[in-house]
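Undergrad: Structure incoming, see below.
Protein chains: 2
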Amino acid sequence: MEKTRSKREQTRDRLLDAALKVFAQAGITGATTREIARVAGVNEVTLFRHFQSKEQLLEAVVQHVSALQIEALTNQDEWTQNLFIDLKHYAWLFNNTLEAHEDLVRTFIGEARRHPEAARQILQEAAQGLREKLIVYLQQGQGNGTVRADLDLAAAVDSFTGMLLAGMLRRSAASIPLDYSRETYIDQCVDLFVRGVSASSAAFVTPLDVEKS
Amino acid sequence: MEKTRSKREQTRDRLLDAALKVFAQAGITGATTREIARVAGVNEVTLFRHFQSKEQLLEAVVQHVSALQIEALTNQDEWTQNLFIDLKHYAWLFNNTLEAHEDLVRTFIGEARRHPEAARQILQEAAQGLREKLIVYLQQGQGNGTVRADLDLAAAVDSFTGMLLAGMLRRSAASIPLDYSRETYIDQCVDLFVRGVSASSAAFVTPLDVEKS
DNA sequence: TTAGTGTGCAAGTGCTTACTTGCATATTAG
DNA sequence: CTAATATGCAAGTAAGCACTTGCACACTAA
């Protein structure tokens, strides 16, 4: 019984992985159970023996997702307490995760109205943890006077990640050639944000200033 | 012949309007020709007499789009040459347009990979004009010393609009209750951005500072 | 009037979809 | 060994899809 159940779960996992991939690439509406089964390497009937319907498969996929986890940056040790360095580190990690899962991000943005519960759950699982951490980090900054006290930190963090998200979307959507590099964009986002949130910004000099002047 | 052609074009326009609406709400993949015809109030056959295929209808829709036009803010008169005031004005206009066309924005973000030409054209038509204007505006700021000279203005403008776009997406996607208001978010985006791009930011005081202190 | 044009309507084609049924087979549990 | 379980395979169902055909009707141009 032990080994049997494990084999069944193995098939189930292959189906979940395949479904995530196909949902991301074809969109939820565009994904077909045939294609999901084909990618999983199982018969389509097997899919329906594991999941009652395409909709329930989507639910299971969403609950199963660990793909978007940005598990690094979890340990407080990595924070240097230098706003610019820490935020730049975070920005690149976040951006890399976004780029790695571009299709998934696009799909859930596009279908969020038609599958609100799935979208909510994905967003929750993927971004919420880091968001909290960043907010706490900025709160510490407020505590020691490096971050402006008059900010709504949740909104600040969301606008920061928002810049990065929108940058990714623009870069990969556009057949339009961009007139700046990814590096320029991300570094400048960090630069703008740090200047924006820093207290006594005149006294604050970022490494970027040194490079550029 | 004159009246005949005008009636045909009238039907065509109703189809284009309906198609835009249905594409936006159901997604491009999810939209059906039946539904589009129903919304347009014409027979489905008529749709195919005007457009060879669903794909070609999409092309026509994209070329026909004027919905996203932000026609205000076109006249230079409205610029007060106060960064904060001008950008705040712009931010709210931009945000209102985004919110008014949320479904359309989501759809084209979600399907950009599957319909790159359509996405490119929509993006071009909708945002490019304003983008140029904002860049020129900031260039003037650089000229008279209110805006930092070491910025990539295209990237700066894109990160600004990106914050606003992401804010809209987050607000309307989330069943998650936000812990700040739309007003807080947008005003703070402007505040952060203005501080970020301003030269000699210590000397620069925004109206928000006055309100809050 | 005559001829052309734009549309509606009913029906249908061929294809794809989500999902089902029945049976064969292989693996495994007890 | 025996019985249960997991899967494959072939076929099928009912519905929905994009798209077509043929005919009737109204309107208009000449």
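The listed protein sequences derive, respectively, from chains A and B.
Residue 148 in this note's numbering is what sits at position 148 of the first sequence, and the numbering runs on without skipping anything.
Take any residue in the second sequence, count from 1 to its spot, add 213: that is its number in this note's numbering.
Ideal Cβ placement from N, Cα and C applies to all residues, glycine included.
To the nearest angstrom, how far is the alpha carbon of B:GLN294 from that of B:LEU300?
TA: As a working mapping, residue 294 of chain B is identified with position 81 in the second sequence. As a working mapping, residue 300 of chain B is identified with position 87 in the second sequence. Their Cα atoms are separated by approximately 10 Å.
Undergrad: Tell me whether B:SER411 sits in a helix, a strand or coil according to DSSP, three-state version.
TA: For the purposes of this step, residue 411 of chain B is taken as residue 198 along the second sequence, with counting starting at 1. The answer is strand: DSSP assigns B:SER411 an E or B state.
Undergrad: Taking 8 Å as the CB-CB cut-off, is B:THR359 touching chain A?
TA: Numbered from 1 along the second sequence, position 146 holds the residue referred to as residue 359 of chain B. Cβ-Cβ to chain A under 8 Å: no for B:THR359.
Undergrad: Inspect the beta-carbon positions of A:THR33 and A:LYS54 and report whether they are closer than 8 Å.
TA: If you number the first sequence from 1, residue 33 of chain A lands on position 33. If you number the first sequence from 1, residue 54 of chain A lands on position 54. Yes, Cβ-Cβ distance for A:THR33 and A:LYS54 is below 8 Å.
Undergrad: Is it the case that the region 256-274 of chain B contacts the region 137-153 of chain A, given that we only count it when at least three CB pairs across the two stretches are under 8 Å?
TA: Touching, no.
Undergrad: Measure the alpha-carbon distance for A:ILE85 versus A:CYS189 and round it to whole angstroms.
TA: For the purposes of this step, residue 85 of chain A is identified with residue 85 of the first sequence, where counting begins at 1. For the purposes of this step, residue 189 of chain A is identified with residue 189 of the first sequence, where counting begins at 1. Their backbone Cα atoms lie some 13 Å apart in a straight line.
Undergrad: I want to verify the contact list: residues of chain A whose CB lies under 8 Å from the CB of B:GLN337, in sequence order.
TA: Locating residue 337 of chain B in the second sequence gives position 124, counting from the first residue. Correct list: ILE176.
Undergrad: Quick check on A:VAL190: does DSSP put it in helix, strand or coil?
TA: Your numbering for residue 190 of chain A matches position 190 in the first sequence. A:VAL190: helix per DSSP, three-state reduction.
Undergrad: Please say whether B:PHE406 and A:LEU295 have beta carbons closer to each other than 8 Å?
TA: Since the first residue shown for chain A is 1 and the last is 213, residue 295 of chain A is missing from the structure and cannot be characterised.
Undergrad: Tell me which same chain residues have a C-beta within less than 8 Å of the C-beta of A:GLU2, skipping the five on either side of it?
TA: Along the first sequence, one-based indexing puts residue 2 of chain A at 2. Below a pLDDT of 50, predicted positions are generally treated as unreliable, and A:GLU2, at 39, falls in that range; no measurement from the model is reported.
Undergrad: Name the DSSP bridge partner or partners of B:VAL360?
TA: In the second sequence, the residue the question calls residue 360 of chain B occupies position 147. Looking at the DSSP assignment, B:VAL360 forms a beta bridge with B:SER411.
Undergrad: Could you check if A:HIS158 is buried or exposed, using at least 16 other CB atoms within 10 Å of its CB as the buried criterion?
TA: The residue labelled residue 158 of chain A in the question sits at position 158 within the first sequence. Per the sequence presented here, residue 158 of chain A reads as Asp, with His not at that position. Buried, by the Cβ-count rule.
Undergrad: Which same chain residues end up closer than 7 Å to A:ALA91 when comparing Cβ atoms and leaving out the 5 residues on each side of it in sequence?
TA: Numbered from its first residue, the first sequence carries residue 91 of chain A at position 91. Correct list, in chain order: LEU164, ILE186, CYS189, VAL190.
Undergrad: Would you decide whether B:GLU324 is buried or exposed? Buried here means 16 or more other CB atoms lie within 10 Å of its CB.
TA: Residue 324 of chain B sits at position 111 when you count from the first residue of the second sequence. By the 10 Å Cβ count, B:GLU324 comes out buried.
Undergrad: Between the region 168-181 of chain A and the region 115-128 of chain A, are three or more C-beta pairs nearer than 8 Å?
TA: With the cut-off at 8 Å, the region 168-181 of chain A and the region 115-128 of chain A do not touch.
Undergrad: Along the region 375-399 of chain B, what residues have a CB closer than 7 Å to any CB found in chain A?
TA: Correct list: GLY375, MET376, LEU378, ALA379, GLY380, LEU382, ARG383, ALA386, ALA387, SER388, ILE389, ASP392, TYR393, THR397, TYR398.
Undergrad: Could you say which of A:GLU125, A:ASP152, A:GLY162 lies nearest to A:VAL136 if we only look at CA atoms?
TA: On the first sequence, residue 136 of chain A is found 136 positions in, with the first residue counted as 1. The residue with the shortest Cα to Cα distance from A:VAL136 is A:ASP152.
Undergrad: What distance in whole Å lies between the Cβ atoms of B:GLN238 and B:ASP316, which are believed to be in contact at a cut-off of 8 Å?
TA: If you number the second sequence from 1, residue 316 of chain B lands on position 103. If you number the second sequence from 1, residue 238 of chain B lands on position 25. Confirmed, about 5 Å.
Undergrad: Since A:ALA156 and B:ASP392 are thought to touch, with beta carbons under 8 Å apart, how far apart are those beta carbons, to the nearest angstrom?
TA: Indexing the first sequence from 1 puts residue 156 of chain A at position 156. Indexing the second sequence from 1 puts residue 392 of chain B at position 179. Not really, about 12 Å apart at Cβ, beyond 8 Å.
Undergrad: What's the call for B:SER411, buried or exposed, on a 16-neighbour Cβ count within 10 Å?
TA: Locating residue 411 of chain B in the second sequence gives position 198, where the first residue counts as 1. So B:SER411 ends up on the buried side.
Undergrad: Under 8 Å, do A:VAL22 and A:VAL42 count as touching if we go by C-beta distance?
TA: Your numbering for residue 22 of chain A matches position 22 in the first sequence. Your numbering for residue 42 of chain A matches position 42 in the first sequence. Going by C-beta atoms, A:VAL22 is not nearer than 8 Å to A:VAL42.
Undergrad: Would you please state the rounded distance, in angstroms, between the beta carbons of B:LEU296 and B:THR242? I believe it to be under 8 Å.
TA: Stepping through the second sequence from its first residue, residue 296 of chain B is reached at position 83. Stepping through the second sequence from its first residue, residue 242 of chain B is reached at position 29. So it is not a contact: roughly 43 Å between Cβ atoms.
Undergrad: Listed from N- to C-terminal order along the chain, which residues in the region 20-34 of chain A have their beta-carbon within a distance smaller than 7 Å of any beta-carbon of chain B?
TA: Answer set for the region 20-34 of chain A: GLY27, THR29, GLY30.
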